[in-house]
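Here the structure comes first, spelled out in structure tokens, and everything after it is commentary.
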Amino acid sequence: MSKQRIIPATDLAGVLKTLLDEITHDRLFVLTDEHTATLCLPLLAEVVGDAHSIVIPAGDDNKHVDSLCHVWSELSAHGATRHSLLINVGGGMVTDLGGFAAATFKRGIACINVPTTLLAMVDAAVGGKTGINLHSLKNEVGAFYPAEAVVVSSQFLHTLDMPNLVSGFAEMLKHGLISTEEHWAQLMRYDLNAPDLNALQPLIMESIHTKEHIVEQDPTEKNIRKALNLGHTLGHAFETLAMRRGAPCLHGYAVAWGLIGELYLSHVREGFPIDKLRQTVAFIKEVYGTFDFTCKDYEELYALMQHDKKNVGATINFTLLGGIGDIRINRTATKEEIFEMLDFVREC
Ligand code: GLY
Numbered sequence: 089m090s091k092q093r094i095i096p097a098t099d100l101a102g103v104l105k106t107l108l109d110e111i112t113h114d115r116l117f118v119l120t121d122e123h124t125a126t127l128c129l130p131l132l133a134e135v136v137g138d139a140h141s142i143v144i145p146a147g148d149d150n151k152h153v154d155s156l157c158h159v160w161s162e163l164s165a166h167g168a169t170r171h172s173l174l175i176n177v178g179g180g181m182v183t184d185l186g187g188f189a190a191a192t193f194k195r196g197i198a199c200i201n202v203p204t205t206l207l208a209m210v211d212a213a214v215g216g217k218t219g220i221n222l223h224s225l226k227n228e229v230g231a232f233y234p235a236e237a238v239v240v241s242s243q244f245l246h247t248l249d250m251p252n253l254v255s256g257f258a259e260m261l262k263h264g265l266i267s268t269e270e271h272w273a274q275l276m277r278y279d280l281n282a283p284d285l286n287a288l289q290p291l292i293m294e295s296i297h298t299k300e301h302i303v304e305q306d307p308t309e310k311n312i313r314k315a316l317n318l319g320h321t322l323g324h325a326f327e328t329l330a331m332r333r334g335a336p337c338l339h340g341y342a343v344a345w346g347l348i349g350e351l352y353l354s355h356v357r358e359g360f361p362i363d364k365l366r367q368t369v370a371f372i373k374e375v376y377g378t379f380d381f382t383c384k385d386y387e388e389l390y391a392l393m394q395h396d397k398k399n400v401g402a403t404i405n406f407t408l409l410g411g412i413g414d415i416r417i418n419r420t421a422t423k424e425e426i427f428e429m430l431d432f433v434r435e436c
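Residue numbers (our numbering): 89 to 436.
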């Protein structure tokens, strides 16, 4: 799988113009959702003005086959060929779905990702995972299909609300934990109550490079890419429980709460240092608050973790840490240990 070019862009229009000159294509298409069509596309208008615009409804609920079918139909109806280029402008929903449309249309056309949320910049738009949801199953159908380039512009961060900024930061926190003490400490010092978006830019690039470095070694998640699942086994269970209760939470919040539990398990099982556990937990509690659940929810959370698609068979698979950057993949835990982990999350 070819490596994606990650391009930090202070001059977004200029960078895109150069890319469009470099990537040979016959027709140009731009995919947005109804939010990014009005909030973000105008920033690119001078470069992509002649492109055919495809707009899909916003929100993860719309990351399904009907929206995908709409993108395929628009490409087909407006003369897209194997040599056409699709630019995906949006959050993870748009880059995932647009990437999958590009992967499948005429067996693969080139695409560029222009992520507009922090979560998409540091995670979804980078690393080549594309896909759609099937019924209530997230990312059930998809492909590994890296974009030609990912253009990262902090200009879009100004259009983001606070909860979405905070949500994206959780994936950065995860990248800090799986990389170096220095990067983790930089993130711990970042003040999310008064976010300085200029100071965030180098942290975003470092975060993306952490992910890229891992994906380069294992693009299809056979091995070390599982490091990127830290916090997600429990995090996905919290996310689904919140959705079932009719009070969905943003993905990053669920990941942050998942990190609390999985760092505790890392401490118990792998000797993750207690001071780093305390510091990370205090940071998460202050920024993300707590997830409201009781011991009556334990069985349901456990069942959700058992159904995680990262598992092999019925054994729950965790990525844990022996320390910051000391990654231990394919770890398991007993039901008792998992319930203890839930106690810790609830009590801390
Ligand atoms: N979001 C985790 C990964 O890309 O592997």
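Even glycine gets a Cβ: it sits at the ideal position worked out from N, Cα and C. On a predicted model such as this, the values are computed, not experimentally measured, just so you know.
For residue 316, the CB falls within less than 8 Å of some heavy atom of ligand 1.
Nearest to residue 410 by C-alpha distance, out of 256, 187 and 350, is 350.
With respect to residue 175, residue 199 sits close: the two C-beta atoms are nearer than 9 Å. Not one heavy atom of ligand 1 sits closer than 8 Å to the Cβ of residue 240. Contact annotation: residue 204 and residue 127 have beta-carbon atoms nearer than 9 Å.
Between the beta-carbon of residue 245 and that of residue 261 there is about 17 Å, and that puts the pair past the 8 Å contact cut.
Nearest Cα to residue 392 within the set 248, 221, 322 and 182: 322. Secondary structure remark: continuous alpha helix (DSSP H) runs of at least 4 residues inside the segment 346-405, in chain order: 362-376 and 386-394. The Cβ atoms of residue 240 and residue 130 lie no closer than 9 Å to each other.
For residue 201, the number of other beta carbons within 10 angstroms of its own is at least 16, and it is reported as buried. Put simply, the backbone Cα of residue 104 is about 24 Å away from that of residue 146. For residue 313, the CB falls within less than 8 Å of some heavy atom of ligand 1.
Under DSSP, the beta-bridge partners assigned to residue 203 are 178. Residue 98 carries a coil assignment under DSSP once its states are collapsed to helix, strand and coil.
Listed in chain order, the non-local C-beta contacts of residue 228 below 7 Å within the same chain comprise 221 and 222, local neighbours out to five positions each way being set aside. Shortest gap from the CB of residue 424 to any heavy atom of ligand 1: 8 Å or more. Taking residue 326 as the centre and dropping the five residues before and after it, the same chain places the C-beta of 342, 345, 346 and 379 closer than 7 Å to its C-beta, in chain order.
For residue 424, the enclosing alpha helix (DSSP H) begins and ends at 423-435. Distances between the C-beta of residue 217 and the heavy atoms of ligand 1 include at least one below 8 Å. Straight through space, the alpha carbons of residue 181 and residue 120 are spaced by roughly 10 Å. Taking every protein chain shown into account, the CB of residue 281 has fewer than 16 other CB atoms within 10 angstroms, so this residue is exposed. In terms of side-chain proximity, the C-beta atom of residue 212 is found nearer than 8 Å to a non-hydrogen atom of ligand 1. Under DSSP, residue 173 forms a beta bridge with 116 and 198.
Cβ neighbours of residue 215 within its own chain (closer than 7 Å, five residues either side excluded): 299 and 303.
Residue state for residue 420 is assigned as coil, using DSSP reduced to three classes.
Contact between the segment 380-399 and the segment 354-362 is absent: fewer than three C-beta pairs spanning the two stretches fall below 8 Å. Under the criterion of beta carbons closer than 8 Å, residue 338 and residue 251 qualify as touching, at roughly 6 Å. In terms of side-chain proximity, the C-beta atom of residue 309 is found nearer than 8 Å to a non-hydrogen atom of ligand 1. In the displayed model, residue 141 falls within a strand according to three-state DSSP. Between residue 314 and residue 407, the gap from beta carbon to beta carbon is short of 9 Å. Pairing residue 94 with residue 234, the inter-Cα distance amounts to about 11 Å. When DSSP states are grouped into helix, strand and coil, residue 412 belongs to the coil group.
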